[in-house]
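Numbering (my numbering), first residue to last: 18 to 135.
Okay, structure first, notes after.
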Amino acid sequence: QVQLVESGGGLVQAGGSLRLSCLASGSIFSINSMGWYRQAPGKQRELVARITSGDTTMYADSVKGRFAISISRDVTKNTVYLQMNSLKPEDTAVYYCAAFKSSGFGVWGQGTRVTVSS
18 QVQLVESGGG
28 LVQAGGSLRL
38 SCLASGSIFS
48 INSMGWYRQA
58 PGKQRELVAR
68 ITSGDTTMYA
78 DSVKGRFAIS
88 ISRDVTKNTV
98 YLQMNSLKPE
108 DTAVYYCAAF
118 KSSGFGVWGQ
128 GTRVTVSS
């Protein structure tokens with residue numbers, strides 16, 4: 018089993034920055050890719066960014082082109098990061114970390130809340 022623990026959320030003013038962290042533990046050898054998703058109030062959960070074990074990254078269209086958002090990982094710390102700069106109020110959401118096996122089976126963290134005030 019894989020366990021995921023997110024951290025780094027909080028309240029920030031528009032234009033500010035946050036770095037979210039996702040620490041993976043357990044059967045991490047089985048992880049094929051990891052991603053960050055978010056769910057805003059009243060909306061469905063959506064992909065933000067994803068990174069594979071080969072460090073290939075992909076970003077949702079909603080954040081693509083915003084060079085202020087990037088996903089990365091530190092294999093020595095079993096941690097995936099989501100760096101978010103120039104935050105906007107519409108980025109307010111609960112951010113979830115997910116880990117996927119090659120079969121597509123996913124494990125989710127509990128989420129960390131990000132609130133961006135205008």
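Every residue gets a Cβ at the ideal spot worked out from N, C-alpha and C, and that includes glycine.
Since the model is a prediction, treat every value here as computed from it, not as a measurement.
I need the boundaries of the beta strand (DSSP E) containing threonine 69, first residue and last residue.
63-69
Closest Cα partner of valine 29 within the set Leu37, Glu23 and Val22:
Leu37
Distance check for threonine 132 and aspartate 108, CA to CA, integer angstroms please.
Cα-Cα distance, rounded: 8 Å.
Buried or exposed for glycine 126, please, with buried defined as at least 16 other CB atoms from any protein chain shown within 10 angstroms of its CB.
buried
Serine 34 (DSSP reduced to helix, strand or coil)
coil
Would you check whether the ligand FMN has a heavy atom nearer than 7 Å to the C-beta of serine 47?
By its list of ligands, the structure shown contains no ligand whatsoever, and the ligand FMN lies outside what it can speak to.
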